[in-house]
Every structure is written in structure tokens, then in C-alpha cells.
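Chemist: Protein chains in written order, with the numbering used here: chain A, 1 to 380; chain B, 1001 to 1380.
Beta carbons: idealized from backbone N, C-alpha and C, even for Gly.
Owing to the predicted nature of the structure, the values given are computational and were not obtained by experimental measurement.
The structure's right below; bear with me while I get my questions together.
So, in C-alpha cells, the structure goes:
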């Protein structure tokens, strides 16, 4: 299947992204423990921010008034925002994020009040105020935020619902996508490009219907969304049913997936870009990505690193590995020093960017298998 | 009194410090939200770490095994460690730190178990284990940590005790200082230099006795410690009774004081170096140092900064002011983003270093009054 894997260059008003590429999550217009100069120095090509968080705090109007998100947060490279839907529905459905990763949970939390044809009504996580997010509103907000790449509003269907719900939800998401596209076109000044989203859960016929839908519409790119199943095998199956059928003239993004093995799987299916909070979130909890480890990472708090004078990875060129020992990082986490979060975040960002660089080199020289073995010697 | 103010160059094995200088607190071998490259880029000449914290976690033996504190934490410039006494006694006495700043509190907490002629017995703040810190032990630990400048163990007398206690305590501190000096000389390899501490609280005759003591002993430098009184006026009085009488052939440090007005006062009394957690601690709570403000700072969380597109200070050359608006920093603190702590910390470090640079320039050109007016237009 490696023949579907591809090299590319995705051009934006803030520069080109060499693909396959990883997109890092600057959820609220910031990458938590590191500043944008550090993010860039670690080799990052593109970041994403979340419409849901920013529309509530500090609000899209304020960001626009401050000159847009690029200027506000000090990032002058390519940027994507999501539609806001994912957070509304994941908070509302309990935890869609967990379910997408295969952990089944039920129930609806209080923040999502109602989903209607018009949009999603929810309460702010900060002050409890009421908000209605419609496809049009999502486009307007993303326009104000000003990223290069924007995404249509969809209902992020949870895993535990049945096929009938998934189908109805998908069809509404398609109608929302058309409304998003119309609103996007209305305000289009050529500075932003719009991604459509493929829904359909784990059902092959629904995925096909959704693929046909996005291919038939004038989207710049396609993002694979919705539930990807209960485990990595099912995810790989859903991706293999979806990615190869998408219009290959357009960039393809896989939403919310960023494990090393998942990335090799996705690249082989023709995915161009990936995003996931995992590399930076785990860093803040002491999880450092390392090549060839069973869980793709090590936990720096573990006692075995207390007196370890070596860097996280001997062959790593990142800021952290060039300066600090595992013993020091272990000390920082044991002592609850904020610097520990910064240093492992920098390592994990560099690690992911280096992974993608070597994947691109592997594609260029037709040695992707060799690259995969190097980065995943312990893969299942 | 400005004639006592002086320029100097304090040479250490890790480079010379141009004085007057500010010493930043890397309490546990880290400056919380920023790494040592950032600390250096912000103009820092010298940092200090705390023996008390490091002897408990990760332990002096571990730091020594890892090649010493400089290597462990990635700082290759001049470094000082304190004796460990301040934290033991401040935690034990309730809050000496608060008292030194003029806030009277009483009582003894549980961590300090007993002060005897031998030393101070206390319990670890991490696991409750028992420790005895003696003058000899403090010297041995500081030797293992490996900084350039080390400090004798003293009892840090609280403010609320009477003259009799202060005198007895001071006299024991003098005996501890002699033991510290003997132990220091025993292990002296020329790589470290020892500071004696002046005690005596707010009592002129005791301060004189302590000044005479340190002047008579072979210390490299002198540090003014102990209670400095209930308010800034009393502190200025205690300093004026102490600093001018110290041997001016030796560098003079003022322990734990770092307000802008306090620094001008101290410089005019001949103080060469200052240290205080205030600039970096307040940064982590949204307090940004600014020239000419009533409290020497602004609170970025205040609503007035929500839509403020200007940097913290228009004339500041720091990393943060070159890139970010007050509106963005306000957003980061409202959104509880860790990056906010990093960015204001960087500003406050640069601010203090710039203050000291301009003070030195003011001394060089005999324009200290002009410098003071610029940095303190709202002084009382």
C-alpha cells in the first residue's frame, strides 16, 4: 500500500508546508509551556488553534481587533483553526476524544444543550453563558481569527451511537458543510482555504457516501473526522476505506491522530497532515517520546532515571537533549518545577518534526520501511 | 550619601560579575518557567540556588555525581548557594521571609524541631525524614553543589523576638560562622569563596558587634542578613548602620531584598549585590515590573489590559516586549496558559538586569539621581 504515500508542498499565505507534516495544537493561541520562537526553532511548520476556546476567551472579535491570531500569538507561519465543533460535542457527549481513541463512554454532559438543524447550542465553560454555534458563525469566527486553513462545522458523532444516528448525523454534517462552504465563499478574499470533513463512523457505506460528498464539493482539502473505531486495527480499517477514495488532487488531513505507528499507517494511506495534542500534553505529564520504546515514550518520573546522566535520546538534536540529562529532568518533575514541562515539550515537538522529516526523506528515497523500523523497533 | 555607592567587578571561576548586580533565585536548580539560555539572554550575570531544597531533593550527593550544579542545570556563569539556614528557620519560625519584609507573625511550625549549639534539626518537607544541618554539613553540601560563592550557616532570627534572643542568636551565629570558616578552609581548593553574615536585627549595638566580628574574620565577602525591621524606613536605617561600617575591600551582599526603591537605597549605602525571589515569583502571578508605577509593577490580569495592544513597556528590549501585547499576556493569564508565566518572567528578569546596567552607568557618569528618577518617578 506504500504507493499511496506521497510527498507534497502545501502552500499558504504564511509559507509552504512540506508534507507529510505534523500540526501542533496551540489550543488557546499558545502552546502551553513554550513560546512560538521555541516552537519554530524545534522545526515546526504549522500549528492549529481551537475556535471553541478562542470564541469564549478572549473572543474572535478581540483577536481580530488585535490584528488576527498570527500577530496576537507571535506565530508567522502556516496556521489552521478547527470549526469549534469538536470541543462542543466532545464536552457535550462526555468524551468523544476518548472514544475516538477507542475508550467507550456514554452520557451527555451539561455544556452541550441542544443540537438542531440550525447549529449547536452550548454553555460557556468559563461563565456559563449561552452560545449558538452555526456553520455560518463558525466560518465568521475563523475569518476573524485569520488562520490560513479553516474547517467546516460538523457534528462529531460519538462512538457509542448506532448506525442510524451516525447516518442522520453525517447527513446533517453534510448540510452544515454546504452552509459552511457558502458562507466561506461569501467572505472569501483568497487568504484562507477550506477543508471539508468526512464522517460516517465505522460504517463502510457511510464513509463512502461521505467521501463522495466531499469529492463533489469545492473544498480546498479534506479532513477525515468522526469515530475511527474502538482500536488501532479498526482505525486502520476505517482509514483504508476512506483515504484512498478521496480526491488526490487535494490535501488530506487526519483529525486528532498522532501516535508514531498511526502516522506510518496514515502516511501509507496517503494522509498528508496529522494533528494531535498527545505529544505536547504527555510532555507536561513527564512523558518523553523516544524511538523504539514499547509505548513510544518514557515516563521521566520513573525512579530508574534518578541518576541517569544521559539525555532523553542520545541521537537527538533538540534543545533539551543538547543540554540536559534525564537525571535533571527527573529532578524537575519530582520537584514540580515548571521548567520540566517546557523542556520535555521542546523535545517532543522536535521529535515529531524529526519523525516527519525522516518520513519525507524515506519517501524521497523509497526507504520508508527503513525509517519505520528505526522509529518503531518495538512496534506490535 | 551617594559617595558610598560603587562600581565593581567580582571575579569568579565562571566569569566576572559587574556590580552593582542582581542575583536571581533558581531555588531548586531551575528558574521555574524559563531555561538557563533564556535567563542568560535576558542579561543575567549570576544566579543562586538554595542548599535547603537541593539537599532534600535531589540531594547534594546526586548533584555532585552529575558533575555539580552548573552542569546539572545548564548554567555556566557565576553562581551562589545559600547555607540552607534561611529556609529551615523561615519554615520553622512560621515565616521569617514575611517578617523581614515587615509582616509580623509568630509561632513555630513543625518542620524545625530544635536549634542547638550543634546545629538545626528539622524534618524534610517532602517525606518527613529527619535532618541535622550543622555549619560543617552546610559547607560540605555547598562544596558538593559546587557554586562559586557560598555562605556561612546562621540562625535567621525572626523579627518578633526580643533583643536578648537576638543577641544570643547572633552570638551563636558568630560561633557557627567560625565553624563554617574552619570547615570551608579545610576543603578549600580555591574554586569557591565564602561570605560571612551580619546579624543583630534592628539593634544598632548588636549590628556593630556583628560588623566588627565579620570584619575581623577572613571572609571573602559579607552578606547583610537577619531582621531588617518592620518597614522600609527601618530597613534603610538598619542598612545605614551596617553597610558603611563593613570592610570595603570585600564585596557586600544584601540578602533577600529586591524592590526597585530598596536597590537604589542599598546601592547608595555601598551594597554590591542583591537577591530576591520577588521579580520572578510575582511574574508567575501576573505581576510585571514597570518603571514609574506606584507599586513598581502592573497586574496583567486587570481588565484594563484586555484590549491593550501595547507591550508591557514601550521602551523595553526584552523578548516579551518585542513580540507580545498586554492583551495577549492578559489572555494567557485569564486562560491559565503556562506560557504567560514564562513571558512575564522573561520581562522581569530583563527589567532587573537593565535596572542594574543603568545604575552602573549612572555611577560611571555620576548621574545616579537621573537614573533613579527614570526608574522610580512614582516613588514615595
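Residue 116 of chain A: which of A:124, A:204, A:291, A:134 sits nearest, CA to CA?
Modeler: Ranking the options by Cα distance to residue 116 of chain A, first place goes to A:134.
Chemist: Taking DSSP as the reference, what is the three-state secondary structure of residue 1107 of chain B?
Modeler: Because the pLDDT of residue 1107 of chain B is 40, which lies under 50, any placement of that residue in the model is unreliable, and the question is left without a value.
Chemist: Quick one: give me the first and last residue of the alpha helix (DSSP H) that residue 350 of chain A is part of.
Modeler: Its alpha helix (DSSP H) spans residues 338-364.
Chemist: In three-state terms, what does DSSP make of residue 1010 of chain B?
Modeler: Residue 1010 of chain B: strand per DSSP, three-state reduction.
Chemist: In angstroms with no decimal places, state the Cα-to-Cα distance between residue 335 of chain A and residue 1283 of chain B.
Modeler: Rounded to the nearest angstrom, the two C-alpha atoms are 20 Å apart.
Chemist: Below 8 Å on the Cβ atoms is my guess for residue 1072 of chain B versus residue 1015 of chain B; work out the distance and round it to an integer in Å.
Modeler: Not really, about 18 Å apart at Cβ, beyond 8 Å.
Chemist: On the CB-based measure, 16 or more other CB atoms within 10 Å of its CB, does residue 173 of chain A come out buried or exposed?
Modeler: Per the 10 Å Cβ criterion, buried.
Chemist: Within 8 Å (strictly less), CB to CB, does residue 1249 of chain B reach chain A?
Modeler: No, no contact with chain A.
Chemist: Quick one: measure Cβ to Cβ for residue 1083 of chain B and residue 1149 of chain B, integer angstroms, because I've assumed they're closer than 8 Å.
Modeler: Residue 1083 of chain B to residue 1149 of chain B, Cβ: 11 Å. No contact.
Chemist: Would you tell me roughly how many angstroms separate the C-alpha atoms of residue 52 of chain A and residue 87 of chain A, rounded to the nearest one?
Modeler: So the alpha carbons of these two residues sit roughly 6 Å apart.
Chemist: Listing by chain order, which chain B residues have their CB less than 9 Å from the CB of residue 120 of chain A?
Modeler: The contacting residues do not exist; residue 120 of chain A stays about 22 Å from chain B at best.
Chemist: Is residue 358 of chain A close to chain B, meaning its C-beta is less than 8 Å from at least one C-beta of that chain?
Modeler: Cβ-Cβ to chain B under 8 Å: no for residue 358 of chain A.
Chemist: Residue 1221 of chain B lies in the beta strand (DSSP E); which residues open and close that run?
Modeler: Run containing residue 1221 of chain B: 1221-1224, per the beta strand (DSSP E) assignment.
Chemist: Going by beta carbon distance, what residues of the same chain come within less than 8 Å of residue 244 of chain A, once the five residues before and after it are set aside?
Modeler: Taken in chain order, the residues that qualify are 4, 269, 270.
Chemist: Could you please tell me which residues of the stretch 1071-1092 of chain B, in chain order, have their CB closer than 8 Å to any CB of chain A?
Modeler: Residues 1072, 1073, 1074.
Chemist: Determine the chain B residues that contact residue 339 of chain A at a beta-carbon separation under 8 Å, and present them in chain order.
Modeler: Within 8 Å Cβ-Cβ: 1030, 1031, 1032, 1033, 1034, 1035.
Chemist: Would you mind telling me which residues of chain B sit closer than 7 Å to residue 307 of chain A, beta carbon to beta carbon, in chain order?
Modeler: Result: 1062, 1065.
Chemist: Evaluate residue 49 of chain A with the Cβ neighbour count: other Cβ atoms within 10 Å of its Cβ, from every protein chain shown; 16 or more gives buried, anything less gives exposed.
Modeler: Residue 49 of chain A should be labelled buried.
Chemist: Quick check on DSSP: helix, strand or coil for residue 98 of chain A?
Modeler: Confidence in residue 98 of chain A is poor, its pLDDT being 48 and thus under 50, which makes the residue's placement unreliable; the coordinate value appears in the next sentence. Note: residue 98 of chain A maps to helix in three-state DSSP.
Chemist: If residue 21 of chain A sits next to residue 346 of chain A, beta carbons under 8 Å apart, how far is it from one beta carbon to the other, in whole angstroms?
Modeler: Actually they are not in contact, since the Cβ atoms of residue 21 of chain A and residue 346 of chain A sit about 18 Å apart, beyond 8 Å.
Chemist: Output yes or no for whether 8 Å exceeds the beta carbon distance between residue 1160 of chain B and residue 1198 of chain B.
Modeler: It is not a contact, given that the beta carbons lie outside the stated cut-off.
Chemist: With distances taken Cα to Cα, identify the nearest neighbour of residue 1226 of chain B among B:1254, B:1216, B:1205, B:1249.
Modeler: Measuring from the Cα of residue 1226 of chain B, the nearest candidate turns out to be B:1254.
Chemist: List, in chain order, every chain A residue whose beta-carbon is nearer than 9 Å to that of residue 1323 of chain B.
Modeler: Within 9 Å Cβ-Cβ: 35, 36, 37, 74.
Chemist: Going by CA-CA distance only, name the one from B:1164, B:1281, B:1215 that's closest to residue 1027 of chain B.
Modeler: When only C-alpha atoms are compared, the closest one is B:1281.
Chemist: Please tell me whether residue 372 of chain A has its Cβ less than 8 Å away from any Cβ of chain B.
Modeler: Judged by the 8 Å Cβ criterion, residue 372 of chain A is not in contact with chain B.
Chemist: Skipping 5 residues on each side, what residues in its chain have a beta carbon closer than 8 Å to that of residue 368 of chain A?
Modeler: Result list for residue 368 of chain A: 2, 5, 264, 267, 268, 359, 362, in chain order.
Chemist: Quick one, which of A:163, A:338, A:18, A:85 has its alpha-carbon nearest residue 77 of chain A's?
Modeler: For the residues A:163, A:338, A:18, A:85, the minimum Cα distance to residue 77 of chain A belongs to A:18.
Chemist: When Cβ atoms are compared, which residues of the stretch 40-59 of chain A fall closer than 8 Å to chain B?
Modeler: Cβ contacts with chain B come from 53, 57, 58.
Chemist: Looking at the secondary structure, which residues open and close the alpha helix (DSSP H) in which residue 1187 of chain B lies?
Modeler: Here the alpha helix (DSSP H) through residue 1187 of chain B covers 1163-1187.
Chemist: Which first and last residues belong to the alpha helix (DSSP H) in which residue 123 of chain A is found?
Modeler: Residue 123 of chain A -> not in any alpha helix (DSSP H); beta strand (DSSP E) instead, spanning 120-123.
Chemist: Nearest-angstrom Cα distance between residue 1179 of chain B and residue 1136 of chain B?
Modeler: Using only the alpha carbons, I get a separation of about 7 Å.
Chemist: How long is the line joining the alpha carbons of residue 1069 of chain B and residue 1080 of chain B, rounded to whole angstroms?
Modeler: Approximately 10 Å, taken between the alpha carbons.
Chemist: For the alpha helix (DSSP H) containing residue 278 of chain A, name the first residue and the last one.
Modeler: Taken as a continuous stretch (DSSP letters only), the alpha helix (DSSP H) holding residue 278 of chain A covers 278-284.
Chemist: Helix, strand or coil: how does DSSP classify residue 1195 of chain B here?
Modeler: Residue 1195 of chain B falls in the strand class under three-state DSSP.
Chemist: Using a Cβ-Cβ distance under 8 Å, would residue 327 of chain A count as near chain B?
Modeler: Cβ-Cβ to chain B under 8 Å: yes for residue 327 of chain A.
Chemist: Taking only the alpha-carbon atoms, compute the straight-line gap between residue 1058 of chain B and residue 332 of chain A and give it to the nearest angstrom.
Modeler: Going from the Cα of residue 1058 of chain B to the Cα of residue 332 of chain A covers about 9 Å.
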